[in-house]
Amino acid sequence: MQDHTLPMNPNVAVLPPYNAGMTVARARELSGLQEFARLASNENPDGCSPAVLAALASGNFHPWRYADPGCTALRDRLADHLGVDITRIVAGNGSEEMIAAICRAILRPGDAVLTVVPSFGLHEIEPLAAGARVTKLPMTPDAGFDMAALETALKTGPRLVFLSSPWNPVGPALDHTNLHRLIAATGPQTLLVLDEAYFEYADPGSPDGLQELRNSGIHFVVLRTFSKAYGLAGLRVGYAVCSDAEIARVVWSAKTAFNVNGAAQIAAIAALDDAAWMRASVARTRAERLRVEAGLRALGFDPAPSQTNFVFFDCGSDSTEAAARLIRAGVIIKPWREAGYTRFLRVTIGTPADNDRFLAAMAGMAG
Ligand SMILES: Cc1ncc(COP(=O)(O)O)c(C=O)c1O
Numbered sequence: 003m004q005d006h007t008l009p010m011n012p013n014v015a016v017l018p019p020y021n022a023g024m025t026v027a028r029a030r031e032l033s034g035l036q037e038f039a040r041l042a043s044n045e046n047p048d049g050c051s052p053a054v055l056a057a058l059a060s061g062n063f064h065p066w067r068y069a070d071p072g073c074t075a076l077r078d079r080l081a082d083h084l085g086v087d088i089t090r091i092v093a094g095n096g097s098e099e100m101i102a103a104i105c106r107a108i109l110r111p112g113d114a115v116l117t118v119v120p121s122f123g124l125h126e127i128e129p130l131a132a133g134a135r136v137t138k139l140p141m142t143p144d145a146g147f148d149m150a151a152l153e154t155a156l157k158t159g160p161r162l163v164f165l166s167s168p169w170n171p172v173g174p175a176l177d178h179t180n181l182h183r184l185i186a187a188t189g190p191q192t193l194l195v196l197d198e199a200y201f202e203y204a205d206p207g208s209p210d211g212l213q214e215l216r217n218s219g220i221h222f223v224v225l226r227t228f229s230k231a232y233g234l235a236g237l238r239v240g241y242a243v244c245s246d247a248e249i250a251r252v253v254w255s256a257k258t259a260f261n262v263n264g265a266a267q268i269a270a271i272a273a274l275d276d277a278a279w280m281r282a283s284v285a286r287t288r289a290e291r292l293r294v295e296a297g298l299r300a301l302g303f304d305p306a307p308s309q310t311n312f313v314f315f316d317c318g319s320d321s322t323e324a325a326a327r328l329i330r331a332g333v334i335i336k337p338w339r340e341a342g343y344t345r346f347l348r349v350t351i352g353t354p355a356d357n358d359r360f361l362a363a364m365a366g367m368a369g
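Sequential numbering from 3 applies to the sequence shown in the working numbering.
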């Protein structure tokens with residue numbers, strides 16, 4: 003008998019699916035409810051700047067044209083804004099495309115990749131797809147980075163290190179001392195990828211990874227996104243700032259050609275130009291986060307320290323069951339599924355009404 007099974011890339015065929023959170027359609031099916039507090043994907047509850055919507059309506063967006071594959075106008079603005087040469091910046095279809103492009107650009111089968119657990123799924127999935135071996139170092143009991151373990155693992159010379167700071171899904175950011183410990187432990191054969199998707203939410207005084215890495219002498223990529231504080235998750239635009247133009251050139255070669263669509267390019271420039279809107283949104287989110295954290299503590303939970311637009315905590319029971327109960331109360335959150343963390347929930351900070359609904363549902367579960 004002829005074997006009709008199509009041979010596929012085994013590295014990809016065995017991948018766990020990305021845990022993208024529940025759709026509203028599925029939540030409706032499960033609960034019979036129509037309206038939900040959508041607190042699973044760390045989106046911005048304030049929407050986006052009105053300047054973005056005005057720019058999109060301005061007539062400069064031509065859907066029938068291919069957009070600039072180099073994203074030149076946006077990268078120009080970013081180069082000014084960040085004080086780095088444009089040749090070091092690569093724009094992506096969300097920063098997630100840059101994670102994939104970095105892996106494609108750098109990794110060869112069998113290479114070692116270091117990250118942490120719990121982790122942002124793609125920091126593991128993309129290296130595995132490239133055939134790499136991934137080591138994940140657990141967080142400390144007080145929900146911090148295990149610096150000693152990271153330093154020891156870095157000494158073995160992994161090809162790539164993925165760390166998000168502030169850390170998705172846990173919440174804390176690396177402080178100056180710990181960031182410098184990491185830099186000191188990173189050898190010349192290693193690329194440090196510092197994923198700063200939640201950079202804008204970090205406490206005043208937290209390090210700016212780009213500033214700290216600038217003269218470090220190590221190979222690095224800093225990732226940032228317009229999906230969170232700027233509220234453009236649906237348009238898909240993020241970027242990589244590389245330590246040198248040669249790394250940027252190879253990451254560029256690994257991206258898809260027309261990766262950032264025309265609407266996203268226009269929107270990102272308008273968003274960047276309206277920093278006041280972004281800062282006001284971050285301030286609202288921070289105030290609500292403090293309220294949610296206090297509410298959870300009052301119910302007897304112990305949320306991890308957060309410098310982000312979400313909170314991570316041990317809910318005391320299986321996270322999938324807790325998430326199902328929350329769906330029936332009209333709240334969609336993200337149950338954590340990584341081994342060792344299956345009692346943890348990650349809840350995005352939403353509008354005050356969303357957060358009230360979440361806290362009321364948790365009170366029902368705690369009681
Ligand atoms: C740590 C981290 N990196 C990257 C991303 C991807 O963001 P995007 O592709 O929307 O820019 C996310 C999204 O949640 C994230 O949490």
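Even for Gly, the Cβ is constructed at its ideal location relative to N, Cα and C.
- Scanning its chain for C-beta atoms nearer than 7 angstroms, with the 5 sequence neighbours on each side dropped, one finds around TYR232 the residues CYS50, ALA273 and MET280, in chain order.
- For ASP177, the three-state secondary structure derived from DSSP is coil.
- Residues LEU116, VAL163, LEU184, ALA187, THR188, GLY189 and THR192 of the same chain have their beta carbon placed closer than 8 angstroms to that of LEU156, with the five preceding and five following residues left out of the count.
- For TYR241, DSSP records a beta bridge to ALA93 and ARG226.
- Pairwise C-beta distances place the segment 246-262 in contact with the segment 86-97, as three or more of them are shorter than 8 angstroms.
- Its Cα nearest to that of PRO18, the residue LEU130 stands out among ASP144, LEU130, ALA368 and ALA270.
- Excluding residues up to 5 positions away in sequence, PRO171, PHE312, PHE314, ILE335, LYS336 and TRP338 lie with their Cβ nearer than 7 angstroms to the Cβ of ARG348 in the same chain.
- Per DSSP, the beta-bridge partners of ARG135 are ALA114.
- Judged by the Cβ position, ASN44 qualifies as a neighbour of ligand 1 at the 7 angstroms threshold, a heavy atom of the ligand being closer than this.
- The residue from PRO307, VAL262 and GLY332 with its alpha-carbon nearest to that of ASP144 is PRO307.
- Bounds of any alpha helix (DSSP H) do not take in ASP316; it lies within the beta strand (DSSP E) bounded by 312-316.
- Around ASP276, the same chain offers SER51 and ALA53 as residues with beta carbons nearer than 7 angstroms, after the five sequence neighbours per side are excluded.
- Just measuring C-alpha positions, the residue of MET149, LEU225 and VAL284 sitting nearest ALA204 is VAL284.
- Counting other Cβ atoms within 10 Å of its Cβ, GLU198 reaches 16 or more and is therefore classed as buried.
- Judged by their CB atoms, PRO168 and THR310 are nearer to each other than the 8 angstroms cut-off.
- Put simply, the residues with a CB less than 6 angstroms from any heavy atom of ligand 1 are ASN44, GLY96, SER97, GLU98, PHE122, SER166, ASN170, ASP197, ALA199, THR227, SER229, ALA235 and GLY240, in chain order.
- DSSP places ASP197 in the strand class (E or B) of the three-state scheme.
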